[in-house]
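Okay, structure first, notes after.
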Amino acid sequence: MADHSTKASAPIYTTKYKPHPTEKMQAAQWMGTKSVKIADVPKPTITAPKDAIVRPGDILGHEAIGYIQDVGPEVQNFQAGDRVIILPVIACGECFYCQKKEYSLCDRTNPSEAMDSLYGHRLSGIFGYSHLTGGYSGDQAEFCRVPNADIVLIKCPEDMAAKKALALADVTDTAWHGVELAEVSEGDVVGVWGCGPIGLSIQKLSKEIRGAKKVYAIDKDPHRLKIAESHGMIAVDASKVKADDYILSLEPHGLDRAIEASGFRSTDSAAHKAMRATGLEGDSADTVAEVIKATRKGGNVALIGDFFFNTNMFPIGMLMEKTITLRGGQLFAQKQYFPFLMDLVTQGKYDPSFVFTKVDNFENIPQEYDMQFHQKVDGGLKSIMVTPYGRQLDQPL
Numbered sequence: 005m006a007d008h009s010t011k012a013s014a015p016i017y018t019t020k021y022k023p024h025p026t027e028k029m030q031a032a033q034w035m036g037t038k039s040v041k042i043a044d045v046p047k048p049t050i051t052a053p054k055d056a057i058v059r060p061g062d063i064l065g066h067e068a069i070g071y072i073q074d075v076g077p078e079v080q081n082f083q084a085g086d087r088v089i090i091l092p093v094i095a096c097g098e099c100f101y102c103q104k105k106e107y108s109l110c111d112r113t114n115p116s117e118a119m120d121s122l123y124g125h126r127l128s129g130i131f132g133y134s135h136l137t138g139g140y141s142g143d144q145a146e147f148c149r150v151p152n153a154d155i156v157l158i159k160c161p162e163d164m165a166a167k168k169a170l171a172l173a174d175v176t177d178t179a180w181h182g183v184e185l186a187e188v189s190e191g192d193v194v195g196v197w198g199c200g201p202i203g204l205s206i207q208k209l210s211k212e213i214r215g216a217k218k219v220y221a222i223d224k225d226p227h228r229l230k231i232a233e234s235h236g237m238i239a240v241d242a243s244k245v246k247a248d249d250y251i252l253s254l255e256p257h258g259l260d261r262a263i264e265a266s267g268f269r270s271t272d273s274a275a276h277k278a279m280r281a282t283g284l285e286g287d288s289a290d291t292v293a294e295v296i297k298a299t300r301k302g303g304n305v306a307l308i309g310d311f312f313f314n315t316n317m318f319p320i321g322m323l324m325e326k327t328i329t330l331r332g333g334q335l336f337a338q339k340q341y342f343p344f345l346m347d348l349v350t351q352g353k354y355d356p357s358f359v360f361t362k363v364d365n366f367e368n369i370p371q372e373y374d375m376q377f378h379q380k381v382d383g384g385l386k387s388i389m390v391t392p393y394g395r396q397l398d399q400p401l
């Protein structure tokens with residue numbers, strides 16, 4: 005099978021870490037649909053010369069902060085004892101795309117032939133996400149191997165509260181990527197589909213940092229809509245109104261910028277549900293169609309919710325004839341987002357910590373997943389899971 009990614013001179017180091025021969029750690033393991041457990045597994049060791057081993061104190065998915073325990077011989081910018089933020093995107097820093105600072109398009113860190121066959125190219129590796137993105141072990145463990153540490157880690161101030169630091173690992177920079185893709189500018193009327201942690205962050209960044217005049221927040225969860233309203237957004241309950249028609253009744257010209265932050269799971273129509281159930285499509289275009297319809301002629305649409313596969317009934321004619329610019333993609337975390345976002349937080353211009361609504365012990369990860377899977381936490385956003393090591397640090401959350 006042909007590999008269409010540009011061939012790099014440096015090898016793709018293994019996505020699997022070299023296990024410690026005797027020492028163990030606890031890690032969260034996915035056991036199948038809606039099933040996660042804690043298990044004892046071998047600790048990672050330095051596997052490649054640019055690796056670092058980080059001991060997370062606060063963990064969530066491919067979002068973690070912690071302290072470096074060890075570094076490989078080719079790591080230049082970090083040393084043992086440094087407090088760091090682990091970014092989700094694993095990039096090499098040297099290939100064609102990394103040189104353009106488009107780190108999530110890295111050619112060297114994802115050996116997935118399935119992705120190359122599906123997309124025509126390979127994208128970057130991502131911690132704990134999918135075999136399509138390299139099959140890397142995630143951060144939900146007491147230790148984490150970080151490949152290419154100099155490009156994947158960000159130094160974190162010792163005095164920064166954990167909630168702020170952890171929010172900078174993924175949520176805030178993904179949200180900023182959405183704002184950038186949509187080209188939100190001062191005075192814009194913006195609509196954001198989805199009031200999860202990333203959607204709410206996009207709304208706040210659009211209004212507080214980019215100077216949007218109005219921000220419409222679209223969701224079905226009344227608790228999350230109340231959070232959006234508390235931050236000055238205009239709530240639109242999609243369970244009661246058709247969001248595109250409702251917005252156009254208030255904004256006849258339409259939205260200047262619209263951002264889809266809910267992803268393929270938000271389908272409403274029986275047709276899309278049936279097509280997904282029978283394998284005729286992998287993703288659904290319900291919300292994307294709404295977003296495009298609600299956007300003004302010549303406006304911008306950004307997709308930041310997760311879409312991976314094919315969809316039917318996509319309104320390509322409406323997109324083309326309205327001269328709408330549509331962009332999407334995974335975050336370029338290492339780009340200008342650092343030190344820019346870090347500076348916003350340290351200077352008190354933006355506080356991302358609101359996305360964390362619960363703090364719990366790392367050992368309770370299975371119960372936390374169960375509550376999220378079965379929607380037992382009304383209005384809950386994200387949970388910080390603190391390892392035993394993190395609890396010893398006695399740092400402010």
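If you read the sequence shown in the numbering used here, its first letter stands for residue 5, the second for the next number, and so on.
Where a beta carbon is used, it is the ideal one built from N, C-alpha and C, also for glycine.
Keep in mind that this is a model prediction, so the values were computed, not measured.
For residue i, write down the residues that DSSP places opposite it in a beta bridge.
i, result
"L259", "T299"
"K304", "Here the sequence assigns Asn to residue 304, which means Lys is not the residue at that position. In DSSP, N304 forms a bridge with R261, T329."
"A43", "A31"
"F131", "Y140"
"L3", "With the chain covering only 5 through 401, there is no way to say anything about residue 3."
"V150", "A56"
"F360", "K386"
"G195", "Y220, A262"
"A239", "A221"
"P48", "P23"
"V75", "A56"
"L145", "The amino acid at residue 145 is misidentified as Leu; the sequence shows Ala. Partner(s): A31."
Less than 9 angstroms between the beta carbons of residue i and residue j, yes or no?
i, j, result
"P48", "R112", "no"
"Y220", "L259", "yes"
"E341", "I213", "According to the sequence provided, residue 341 is Tyr. The question's Glu does not apply to it. The answer is no: Cβ separation not under 9 angstroms."
"K28", "P53", "no"
"A33", "F147", "One point to set straight first is that residue 33 is Gln, not Ala, in the sequence displayed. Cβ atoms of Q33 and F147: not closer than 9 angstroms."
"G394", "A31", "no"
"E255", "V295", "no"
"I50", "I42", "no"
"I408", "G70", "Beyond the ends of the chain as shown, which are 5 and 401, falls residue 408; an answer cannot be given."
"G333", "S266", "no"
"S116", "G97", "no"
"V93", "Q396", "no"
"D315", "A289", "Asp is not the amino acid found at residue 315; the sequence shown has Thr there. Yes, they are a contact pair."
"M346", "I202", "no"
"R228", "G195", "no"
"T176", "P343", "no"
"V240", "A216", "no"
"D174", "L335", "yes"
"L204", "F358", "yes"
Can you say whether residue i is buried or exposed, counting buried as having 16 or more other CB atoms within 10 angstroms of its CB?
i, result
"S234", "exposed"
"T178", "buried"
"R87", "buried"
"L64", "Reliability of the predicted coordinates at L64 is poor, the pLDDT of 47 falling under 50, and no value is obtained from them."
"A181", "Position check: residue 181 holds His in this sequence, whereas Ala was assumed. Flag for H181 reads buried."
"R261", "buried"
"Q351", "exposed"
"S108", "buried"
"A293", "buried"
"A84", "exposed"
"Q144", "buried"
"T26", "exposed"
"V349", "buried"
"V245", "exposed"
"T327", "exposed"
"K386", "buried"
"G198", "buried"
"K105", "exposed"
"P161", "exposed"
"M5", "With a pLDDT of 47 at M5, under the threshold of 50, the predicted position of this residue should be treated as unreliable, though the coordinate-derived value follows. It counts as exposed."
"K20", "exposed"
"P392", "exposed"
On a Cα-Cα basis, can you pick out the residue from the options that is closest to residue i?
i, options, result
"Y133", "D347, R395, H66", "H66"
"P226", "K41, R395, G384", "G384"
"F312", "T391, T26, A118", "A118"
"K218", "P201, I251, P356, G200", "I251"
"T291", "E184, A242, S253, R331", "A242"
"I388", "N114, Q371, F360", "F360"
"C22", "M237, R59, S141", "Note on identity: in this sequence residue 22 is Lys, with Cys being the wrong assignment. It is S141 whose Cα lies nearest to the Cα of K22."
"V40", "V390, P392, Q399, Q371", "Q371"
Do residue i and the ligand GDP come close, with the Cβ less than 8 angstroms from some heavy atom?
i, result
"K28", "Annotation note on the ligand GDP: not contained in the displayed structure, which lists no ligands."
Note to self: Would the stretch 296-307 count as touching the stretch 361-372 if we require 3 or more Cβ pairs under 8 angstroms?
What the structure shows: no
Check: How do the stretch 149-158 and the stretch 313-327 stand: do at least 3 beta-carbon pairs fall below 8 angstroms, yes or no?
Finding: no
Check: Is the stretch 76-85 touching the stretch 178-190 in the sense that three or more CB pairs, one from each, lie closer than 8 angstroms?
Finding: no
Notebook entry, point to check: Just checking, does the stretch 301-317 make contact with the stretch 222-238 on the three C-beta pairs under 8 angstroms criterion?
Noted result: no
Checklist line | Given 8 angstroms, three or more beta-carbon pairs between the stretch 195-209 and the stretch 113-132 | finding: no
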